[in-house]
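Those sequence lines, one after another, are chains A and B.
Letter by letter, the first sequence follows residues 1 to 297 of my numbering.
Letter by letter, the second sequence follows residues 298 to 532 of my numbering.
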Amino acid sequence: MLEFVNLYLVNGIVLGCVYALGAIGITMIFGILRFGHFAHGDMMTAGAYIALALVWASGMPVLWVLPAAMLLTAALGAGLHWAFYRPLDTGTGSTIVIVIASFGVALMLRSAVQLFFGVDITTYQRGFQTPIWIADTIRILPRHLWIIGLTIALVVALHLFLTRSRLGKAMRAMSDNRALARISGIGTMRVVLAAWAVGGALAAAGGVFLGIDTQLSTQMGWNLLLPMFAAAVLGGIGNPVGAALGALVVGVAEELVTFPWFGEPLLSPAYKSAVSFAILVALLVWRPTGLTRGRVF
Amino acid sequence: MTPLLEARGLYAGYGGMDILRGCTITVAPREMVVIVGPNGAGKSTAMKAVFGLVRIREGRVIFDGQDITNAPPESLAPRGLAYVPQEHNVFATLTVEENLEMGAYTRRSGIAEAKARVFGLLPALKIKRRQPAGELSGGQRQMVAIGRALMMEPKLLMLDEPSAGLSPKVLAEILEAIAAINAAGVAILMVEQNAKAALAMAHRGYVLAGGQNRFEGPGPELLADREVAASFLGG
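In structure tokens, the structure reads:
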């Protein structure tokens, strides 16, 4: 039982946190602009490496430079939209061109990271962390506590932003009904750029958390794409808090299939990513609106 | 009196095909004007063209002394022109109160007062204010849509078929609310299927057909006109 919690459940929750921070951006961008952003994983990679550069430059621990990395990646997200997606938005509702363009942007971001940082795997900090014991039974690493705590704080902050602030409500309004938002006088471009900034900032946090938990590689974000899309669909597309919960389900499910339920692992860890694929297919067949009854487009 | 809205000689349509062919609509301050006509006459298109949602190929739209021909729709609410589309006219996942706040997005002050005024005009909304608009009945949704449009304290409120899909009882309520809004000093331009009920309360009416003005005159006069009645009001 303790082995289950300490080695599988906690890891699953941490993984879910990383997915959540990316899936929120994916679902927001889909909600407002109606396209799947396939460069989102690589935006997380970029955020993680921006933090690495800040660590090198300042010598501070990575969590200290996290706010700066989030700000820079927020600017990157808004900049990507302005430079690459906005010119392709014809306003006719056809977004497939933008989806394809986002594949191009994904390659571009990854190559840019490789150009500056090389292709070798690296870490923020060397060395071991000793786990903390909670009530003498549950063993958890300090970095896992940080990741889970900060993710909860970010999701709560996002929720308050979306439900309390004028700009946040405008984002929900645009995601709900873009035409009516324009009719109401909501300046579309500012809200869109703000959504990109929020998506970018959260993506950076997700990338950094993955880097803290494991290591940095230029493929790290790209590999997250499938589970993050599964989480976004699971939570109901266009529903950020739903995406976060969906991510938790996907992350925990991926870890739990490797648990030796019947004496040996159900699935070899190498097949973990099949879980999100299975979730995605099952949802699209039986419940395309997601578990929270989000919208279908 | 100089008109508040003057849309003159409009040619507009979709994909190169003109639906409006020289139609002209004017609204004076505080006036209630109704557009009636058969299906496909271009009534809704005329509204959309005025609001910058359908490209005008020829013609001019002057609102409150300013040329707003083909102006971007999001620039019009701050100028005092409000529009309620026929469909998808509320933010279904936002609460009633949030819908109203979105109507006042470009306002920096007086939002609480505007909200109180809208609740005064449409009291049914007040009890429902924390409920998502998508959960409300058709009539209540229409009230939310109108309330959203009123938040900027517009000089002219344009309504595209506010009674669409409503029961006769609810229709009467909506028309009553619209009359109250007009009495409060807001000019109204309304497209309406229920021509008789709408013309009866209007100061002036237009009969549109084939994208052109066919008849024009005070509401009761149009109602009494035998030719209008025979061709457009179903006898």
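A virtual CB, placed ideally from N, CA and C, is assigned to each residue, including glycine.
Only a predicted model underlies this, so the values are computations on that prediction, with no experimental measurement involved.
- In the three-state DSSP reduction, F512 of chain B falls in the strand class (E or B).
- Of the other Cβ atoms in all chains shown, 16 or more fall within 10 Å of the Cβ of D176 of chain A; this residue is therefore buried.
- Looking at the backbone, the Cα of M498 of chain B and that of G200 of chain A are separated by about 54 Å.
- By the CB criterion at 8 Å, L76 of chain A and A51 of chain A fall outside the cutoff.
- Between T323 of chain B and G306 of chain B, the C-beta spacing is not below 8 Å.
- Nearest CB-CB separation between R172 of chain A and chain B: below the 8 Å threshold.
- By the Cβ test, the segment 248-266 of chain A is in contact with the segment 2-19 of chain A, since at least three Cβ pairs between them sit closer than 8 Å.
- Remark: C-beta atoms of L463 of chain B and Q439 of chain B approach each other more closely than 8 Å.
- Residue state for V358 of chain B is assigned as strand, using DSSP reduced to three classes.
- Residue burial is scored here from C-beta neighbours: V97 of chain A has fewer than 16 other C-beta atoms within 10 angstroms and is therefore classed as exposed.
- Residue state for E458 of chain B is assigned as coil, using DSSP reduced to three classes.
- Within the segment 80-102 of chain A, contact with chain B at the beta-carbon level (separation under 7 Å) is assigned to no residue.
- The residue among A:L180, A:V192, A:G242, A:V275 with its C-alpha nearest the C-alpha of L291 of chain A is A:G242.
- If you check the CB distance, I478 of chain B and L418 of chain B come in under 8 Å.
- If the five residues before and after M44 of chain A are omitted, its C-beta is found closer than 6 Å to the C-beta atoms of G22, A203, G206, G207, G221, all from its own chain and listed in chain order.
- DSSP places D213 of chain A in the helix class (H, G or I) of the three-state scheme.
- Closest in C-alpha terms to G168 of chain A, from the list A:W196, A:P67, A:A253, comes A:W196.
- Using a C-beta cut-off of 8 Å, the segment 362-374 of chain B makes no contact with the segment 427-445 of chain B, since fewer than three inter-stretch Cβ pairs fall below that distance.
- R34 of chain A is outside the set of residues whose beta carbon lies under 8 Å from a beta carbon in chain B.
- The DSSP assignment places complete alpha helix (DSSP H) segments of no fewer than 4 residues inside the segment 162-198 of chain A at 166-176, 178-183, in order along the chain.
- Contact of M314 of chain B with chain A is not assigned, every C-beta pair being separated by 8 Å or more.
- In the assembly as shown, D457 of chain B is a buried residue. Its beta-carbon has 16 or more other beta-carbons within 10 Å.
- Put simply, the CB of G242 of chain A is far from chain B, with every gap to its CB atoms at 8 Å or more.
- With fewer than 16 neighbouring CB atoms inside 10 Å of its own CB, S165 of chain A falls in the exposed class.
- A direct Cα-to-Cα measurement between V99 of chain A and L284 of chain A gives close to 19 Å.
- Counted as a single uninterrupted DSSP element, the alpha helix (DSSP H) harbouring I279 of chain A occupies residues 273-286.
- Within the segment 88-133 of chain A, the complete alpha helix (DSSP H) segments of 4 residues or longer fall at 96-117, listed in chain order.
- DSSP places L472 of chain B in the uninterrupted alpha helix (DSSP H) bounded by 465-480.
- Chain order gives the chain A residues near G400 of chain B as S184, G185, where near means a beta carbon separation below 9 Å.
- As for any beta strand (DSSP E) of minimum length 3 sitting wholly inside the segment 358-397 of chain B, the runs are 378-381, ordered along the chain.
- Shown here, D136 of chain A sits in coil according to DSSP, grouped into three states, outside any helix or strand.
- Here the C-alpha atom of D120 of chain A lies approximately 14 Å from the C-alpha atom of A48 of chain A.
- Taking 8 Å as the upper bound on Cβ-Cβ separation, chain A lies near residues Y380, P382, H385, N386, V387, F388, A389, T390, L391 of the segment 376-392 of chain B.
- The straight-line gap separating the alpha-carbon atoms of A413 of chain B and L454 of chain B is approximately 18 Å.
- Cβ-Cβ distances below 6 Å link G251 of chain A to G12, L15, G16, Y19 in the same chain, with the five nearest sequence neighbours on each side left out; the list follows chain order.
- Look at the segment 398-464 of chain B and you find these whole runs of beta strand (DSSP E), each 3 residues long or longer: 453-457.
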